[in-house]
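Q: There's a structure below that I have some questions on.
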Amino acid sequence: MSITVYLQDDQDIDQALYLLNQKHYQLRATRWYKKRYGYFEKPSTLNRKRKKMKAILSYRNHSLSLLTHISPKNTLWLKIEKEQQFTRTGKNAAGY
44 MSITVYLQDD
54 QDIDQALYLL
64 NQKHYQLRAT
74 RWYKKRYGYF
84 EKPSTLNRKR
94 KKMKAILSYR
104 NHSLSLLTHI
114 SPKNTLWLKI
124 EKEQQFTRTG
134 KNAAGY
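Take the sequence shown: its letter number 6 is residue 49 in our numbering, and every next letter is one higher.
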């Protein structure tokens with residue numbers, strides 16, 4: 044996938060770079076937050092994601108519990124909490 048930025052006559056390279064970075068950020072942000080705005084995902088995909096997240100958290104907590112000076116909670120930071128990640132909210136969240 045390519046990102047194209049068209050310049051006006053009065054724009055310089057710095058403004059073009061700024062526009063390019065803005066478009067790049069928007070593309071990345073929409074992928075991550077797609078789950079939060081109620082896009083449909085198959086139930087099998089959601090179950091697979093739940094199992095994968097559960098395995099990651101249990102492995103992480105187990106390996107950190109072996110170290111006595113580190114508490115296992117609040118060590119894995121997520122941009123969206125696990126409950127929010129799988130809940131369906133938004134205008135397209137019919138049936139959830």
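Don't be surprised by glycine CBs; every beta carbon is placed ideally from N, CA and C.
Since the model is a prediction, treat every value here as computed from it, not as a measurement.
Return the chain-ordered list of same chain residues with a C-beta closer than 8 Å to the C-beta of LEU63, the five sequence neighbours on each side being excluded.
A: Around LEU63: ILE46, VAL48.
Q: DSSP three-state label for LYS66, please.
A: In the structure shown, LYS66 sits in a helix (DSSP, three-state: H, G or I).
Q: Taking 8 Å as the cut-off, decide whether the C-beta atoms of ALA59 and LEU70 are in contact.
A: It is not a contact, given that the beta carbons lie outside the stated cut-off.
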